[in-house]
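Below, the structure is given as structure tokens:
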């Protein structure tokens with residue numbers, strides 16, 4: 001009896017040829033586009049060396065748009081000395097328009113150690129600070145991103161004007177990307193021990209404390225890291241003590257976001273409570289700290305965090321009246 005179904009494969013040379021032709025045409029189009037992009041980048045770099053004023057600004061804008069979209073354009077600019085030339089445009093006499101476009105290009109490029117050292121020159125940093133304080137939001141974000149790359153691992157001492165600009169970014173609730181970039185830069189700056197006092201001097205502590213309820217999880221971890229470092233400085237702990245929302249805001253964050261956030265918050269609470277044990281442990285316990293600490297101890301957190309919570313709970317019990325402590329720990333019914 002003849003088989004009704006024949007499931008053997010029959011070669012279809014026409015379809016095979018069509019598929020092969022389609023992919024080849026796509027490859028040629030992509031190759032041509034890539035070559036066009038690279039050629040245009042080289043033309044723009046040559047043009048930049050000859051023009052000034054508004055023409056230079058327009059040329060930089062076109063180059064920025066190409067670099068932002070095409071990976072091949074970034075490589076072309078880097079391989080043909082573009083980083084060095086564009087960096088040379090930044091200086092004390094550079095207009096903000098040229099500076100903004102140059103920074104927008106550099107932030108998209110891979111910078112080597114020589115390029116970073118060149119950009120860390122005081123006159124170039126000074127221009128970046130001016131643009132950070134006076135530019136559009138997009139420009140401010142680009143500046144902060146570039147400085148994040150430059151300052152990471154360097155010993156450059158930022159000016160107060162730079163710190164003020166970074167704090168403005170962090171405080172602007174209308175632009176979440178700016179907040180995140182600003183906090184990343186602030187984390188790098190605060191990690192340099194000598195710069196912590198500068199952040200405290202310009203009022204960074206109360207601004208960060210008041211912004212805590214408005215931050216997402218990533219921003220919270222960064223801001224608590226910064227506050228944790230500042231709390232280890234006597235002036236920083238004092239500034240935290242003066243903020244009425246320090247303890248309530250921190251207690252709310254315990255066991256809410258991540259283990260890192262909980263650890264940073266506990267560290268800050270320790271430093272604040274040590275300044276005036278009886279006063280601040282009572283405030284903390286009333287804000288629900290004791291109950292939160294019991295929750296940490298009973299959780300699956302790492303042993304170090306549990307130990308830290310246990311010690312702070314003991315510290316609270318020693319500096320707070322037993323009635324308040326027991327009631328706020330929700331232990332009354334158990335004891336009865």
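In the UniProt record's numbering, the protein residues as written are 1 to 336.
Where is the CB? At the ideal position from N, CA and C, for every residue including glycine.
### Message
Mapping the DSSP letters down to three states, classify residue 34 as helix, strand or coil.
### Response
Its pLDDT being 49, under 50, residue 34 is placed unreliably by the model, and the measurement read from it follows with that caveat. Residue 34 falls in the helix class under three-state DSSP.
### Query
Of all the alpha helix (DSSP H) runs that stay within the bounds of the segment 195-265, which reach a length of 4 or more residues?
196-201, 204-211, 217-231, 234-242 and 246-253
### Message
Mapping the DSSP letters down to three states, classify residue 130 as helix, strand or coil.
### Response
helix
### Query
Taking the alpha helix (DSSP H) that residue 168 falls in, what are its first and last residues?
160-171
### Message
Relative to the C-alpha of residue 42, which candidate in 24, 21, 50 and 73 has its C-alpha closest?
### Response
73
### Three CB pairs or more closer than 8 Å across the segment 104-113 and the segment 125-136
no
### Whole-number beta carbon distance between residue 163 and residue 198, since they are thought to touch under 8 Å
6 Å
### Message
Please give me, in chain order, every unbroken run of the beta strand (DSSP E) with length at least 3 that falls completely inside the segment 75-129.
### Response
none
### Query
Are residue 123 and residue 165 close, meaning C-beta to C-beta below 8 Å?
no
### Query
For residue 294 versus residue 313, is the C-beta distance shorter than 8 Å?
yes
### Message
Contact defined as beta carbons within less than 8 Å: I believe residue 115 pairs with residue 87. What is the distance between those atoms, to the nearest angstrom?
### Response
7 Å
### Task
Grab me the residues of residue 34's own chain with a C-beta within less than 7 Å of its C-beta, minus the 5 sequence neighbours each way, in chain order.
Only weak support exists for where residue 34 lies, its pLDDT of 49 falling under 50; the coordinates are left without a value.
### Task
State the Cα-Cα distance for the pair residue 316 and residue 110, rounded to the nearest angstrom.
51 Å
### Message
Whole angstroms are fine: how far does the CA of residue 143 sit from the CA of residue 250?
### Response
31 Å
### Query
Quick one, which of 172, 167, 194 and 201 has its alpha-carbon nearest residue 185's?
167
### Task
Would you decide whether residue 15 is buried or exposed? Buried here means 16 or more other CB atoms lie within 10 Å of its CB.
exposed
### Task
Could you give the DSSP three-state label for residue 301: helix, strand or coil?
coil
### Query
Expressed to the nearest angstrom, what Euclidean distance is found between the alpha-carbon atoms of residue 60 and residue 53?
11 Å
### Buried versus exposed call for residue 174 [16 or more other C-beta atoms within 10 Å across all chains shown]
exposed
### Task
Please report the residue range of the alpha helix (DSSP H) in which residue 51 lies.
Neither: residue 51 is in no alpha helix (DSSP H) and is coded neither H nor E.
### Task
Taking 8 Å as the cut-off, decide whether the C-beta atoms of residue 281 and residue 273 are in contact.
yes
### Message
With distance defined between alpha-carbon atoms, name the residue in 96, 238 and 83 nearest to residue 119.
### Response
83
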